[in-house]
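Novice: Going from the sequence shown to this note's numbering is simple: count from 1 and add 5.
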Amino acid sequence: MSTLEEHLEGIVNIFHQHSAHVGDFDTLSKSELRKLITRDLANTIKNTQDQATIDRIFQDLDDNKDGEVNFREFLLLIASYHCATLLQ
Ligand SMILES: [Ca+2]
Ligand SMILES: [Ca+2]
6 MSTLEEHLEG
16 IVNIFHQHSA
26 HVGDFDTLSK
36 SELRKLITRD
46 LANTIKNTQD
56 QATIDRIFQD
66 LDDNKDGEVN
76 FREFLLLIAS
86 YHCATLLQ
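#1: Kindly examine ligand 1 and report whether one of its heavy atoms sits closer than 6 Å to the Cβ of Val17.
#2: How long is the line joining the alpha carbons of Thr43 and His26, rounded to whole angstroms?
#3: Do you know offhand how far Gln22's Cα is from Lys70's?
#4: Flag this pair as yes or no: are the beta carbons of Leu82 and Leu66 separated by less than 7 Å?
#5: Report whether the distance from the Cβ of Glu73 to the nearest heavy atom of ligand 2 is below 6 Å.
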């Protein structure tokens with residue numbers, strides 16, 4: 006496997022570690038998203054204790070407005086927040 010593929014597999018694994026607890030196995034509820042951000046994106050996204058921040062991020066990510074964040078929607082979070090940090 007290439008390095009990129011290994012990293013992508015790592016992202017998928019972390020997503021599933023958090024998505025499997027509440028409701029749909031393959032999507033993140035708001036509480037699951039909050040835990041993922043708090044544990045695994047603490048250096049990228051600040052103010053994770055602030056409910057308004059979590060609400061805003063969740064609404065931004067939930068592109069199809071079904072109340073859950075799927076993997077495609079989650080990748081937008083990784084790309085937009087992490088790249089914004091890297092490119093500063
Ligand atoms: Ca879930
Ligand atoms: Ca959604």
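Note that CB positions come from ideal geometry on N, CA and C, so glycine has one too.
Specialist: Concretely, from the data shown:
#1: For ligand 1, not one heavy atom lies less than 6 Å from the Cβ of Val17.
#2: Between the alpha carbons of Thr43 and His26 lies a gap of roughly 16 Å.
#3: The C-alpha of Lys70 is placed about 23 Å away from the C-alpha of Gln22.
#4: Yes, these two residues count as a Cβ contact at 7 Å.
#5: Relative to ligand 2, Glu73 has its C-beta within less than 6 Å of a heavy atom.
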